[in-house]
Amino acid sequence: MGKKYLLAAEADKIQDFIFRSARLREVAGGSMLLNRFCSEVKKGLLSKEENQPEIMISDGGSFRLIFNNKEDALTFGEELAEVYRLAAGGSLSVAGLVSYEAEKDEFLQANKEAEKKLREAKRRRRGWQITEQFPFLAYCSSCGTGMAKEYASYHDDEQPAYLCAPCLAKSSELHFQKGEDFWGRFAMAIGVSEADCVWPGQKKYRGRTYRDPLEDIADYDPRRYVAYLLADGNDLGRLFGNCTTAEQVCTLSDGLANVMWSALASPARMAIEYPPDERDGFIPVYPLLLGGDDLFALIPAPWALDFAARFCREYEARMQELLRRPELLSLNEVMKPTVTAVVVICKSNYPYARAHQAGEALLEKAKQASKMQALEKGDNFSAVDFEVITGGRMFKDKEEEKGIRPTLRPYRASDNGAPEEWGKPVDLLIWQRKELKGIPRRRLSQLNNLYEEKFLPETLQESGLKPWRDKLGALLARLGRQEEQKEKVLNALRAMGGEEKNGYWFRVDRMDGRPWHGHAMPDMLRVWDFALDLEVEPKDYEEE
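Written out as structure tokens, the structure is:
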């Protein structure tokens, strides 16, 4: 039978294509169009008299075909992407061909390799086509708004594209960063020589044919999740507003930049110790924005929570150190310097702009909660919030309106500076993650189900609480055969919640609204894979 060639292709952003309409009939029409396109492709191939390929899949925007001839396969892939562009106005990713010997039972491995190549192609969006242009006018293919200035490529392994002047400048900026500039300052803060550093996107790892900082960071998680860290200093306007000399403003401004770099470098220094493979000198953090007291950075997902907590604590320590300088001593009485941090955890192919948008919304809410406490009670403290985006699902706003909620977010960054009734410290989630690592996943899943909205009690009065407590009691009884496991779960319920008589629900009293009851257990289970301690070897978390 000889050598065969397996081709895998898939339409990009299928849901976006279908749901990008205001009227439902247009949504249905999108599904119909996609279905018809796949049917027409199949009919066209079957009508061929010679070299007819074997069609494995031609449905739902996905295609898997086997060709006897390499040239036929390559030609078909190019034509398929072009016809889809003309038919649907979208892009279709085509994976590199995978050859195999049919007689040697190599198909299974070839199929896995084709799937891997397709995922890689979709991440890179190589199939994306420039939109239609006027004959003598083109828009920037990067930002989509500026007028293109050049048709160029400023990165290795990247196809040329129309780029506007600002995007050209940003693309070429990395080539000029040396010494004490962006990367140099970060290396200095970490305490390593810049010459010995390997930044995300600088080398090709795991056989990739391109350099991509996003994929380098995604290598830390087996499901290819990444985390975006956002941070913003609290009420720094008050500090700058109380500066009485230009020297104070300059010292505070310069010092603040160093504080931010140092705060980011502190957890980064620890994460360096746990590379996903052999990567000498690799720095597992990719700062996207760091200016003033604003931060937006790409970090490894497994340590997302601990990263944010350590960032906040280092920020506080460094700011207090800064304010002890002789020229800034008068500012010490103004306020305790604090910061709010948020981590948005998502798949590596989730648009960073949407992750940033989600993070900004969380950041605003968390800052408001801590700011109200400071204004009303004089309690200054740093706060941490987080979100795990799975299937587009985020924390529901309506959950914030209920008297009993399956969360305690946001969390205090440390044990100091906030009253107990405001909430729990984020380190509690990290600690209990370690304590419960030996509990069977099935039991943890059942425990998590108890905190689903449909099972939550309406009230903590005995009549309303009893059905929920009965379900919890039944689950704990199933753990009874393992007394040590049962005790660990009970300890976690108490530590992450309140008294047993109230079903372990914790009373939260913040200045931004009426009191409510919640529990940290569902938060901890939701962020389970991303609550590792940077002081603990990852292998110590492996299930026994």
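Sequential numbering from 29 applies to the sequence shown in this note's numbering.
Heads up, the beta-carbon is just placed ideally off N, CA and C, and yes, glycines get one too.
In the displayed model, ALA180 falls within a strand according to three-state DSSP. Going by beta carbons, LEU326 and TYR253 fall outside the 8 Å limit.
Taking C-beta atoms as the reference points, ALA37 and LEU114 fail to come closer than 8 Å.
Assigned with DSSP and collapsed to three states, PRO241 falls in helix. Spanning the alpha carbons of ALA101 and LEU93 requires a straight line of approximately 9 Å. At the C-beta level, ALA215 and LEU191 stay beyond 8 Å of one another. In this structure, the straight-line span from the alpha carbon of ALA259 to that of THR368 is close to 6 Å. Of all C-beta pairs linking the stretch 337-350 to the stretch 219-229, fewer than three are shorter than 8 Å, placing the two stretches out of contact. Scanning the stretch 444-529 for uninterrupted alpha helix (DSSP H) segments of 4 residues or longer gives 455-463, 469-477, 490-506 and 511-523, listed from N- to C-terminal end. Considering only PRO468, GLU306, ARG382 and ARG542, the residue with the shortest C-alpha distance to LYS430 is ARG542.
The residues GLY89 and LEU120, in chain order, have a CB closer than 6 Å to that of ALA39 in the same chain once the five nearest residues on each side in sequence are set aside. Comparing alpha-carbon positions, the option among PHE310, GLY261, GLN187 and TRP496 lying closest to SER221 turns out to be PHE310. ARG461 and ASP413 have their alpha carbons spaced roughly 17 Å apart.
Its Cα nearest to that of ALA223, the residue ASP308 stands out among ASP308, ASN262 and ALA293. In this structure, the CA atom of TYR233 is about 20 Å from the CA atom of GLN187. Bounds of the alpha helix (DSSP H) holding VAL287 are 274-299. Here ALA325 carries a strand assignment [DSSP, helix/strand/coil]. Cβ neighbours of ASP322 within its own chain (closer than 7 Å, five residues either side excluded): ASP260. Here TYR380 is not near ALA411, since their CB atoms are 8 Å or more apart. With respect to the 8 Å criterion, LEU165 and LEU35 are not classified as neighbours on the basis of their beta carbons.
In the DSSP assignment, LEU146 falls within the unbroken alpha helix (DSSP H) covering 135-152. Out of GLU515, LEU457, PRO453 and PRO550, the CA that lies nearest to the CA of LEU484 is found in PRO550.
Separation of VAL69 and TYR112 (C-alpha to C-alpha, rounded to the nearest whole angstrom) is 10 Å. Residue burial annotation: ALA274 is exposed, with fewer than 16 other C-beta atoms found within 10 angstroms of its C-beta. DSSP, reduced to helix, strand and coil, places PRO550 within a helical segment of the structure shown.
Counting C-beta pairs closer than 8 Å gives fewer than three between the stretch 470-489 and the stretch 440-449, which falls short of the contact rule.
Of all C-beta pairs linking the stretch 518-532 to the stretch 379-397, fewer than three are shorter than 8 Å, placing the two stretches out of contact.
Cβ atoms of ARG152 and TYR238 come within 8 Å of each other, at about 7 Å. Taking C-beta separations shorter than 7 Å and ignoring five residues to either side along the sequence, the partners of ALA337 in its chain run VAL412, ALA441, VAL454 and ASP455, following chain order.
Short of 7 Å from the beta carbon of GLY283, and not among the five residues preceding or following it, lie these beta carbons of its own chain, in chain order: LEU350. Between the alpha carbons of GLU570 and GLU463 lies a gap of roughly 13 Å. When the beta-carbon positions are compared, ARG297 and GLY172 stay at least 8 Å from each other. With contacts defined by Cβ atoms closer than 8 Å, PRO241 and TYR314 form a contacting pair.
Residue burial annotation: SER281 is exposed, with fewer than 16 other C-beta atoms found within 10 angstroms of its C-beta.
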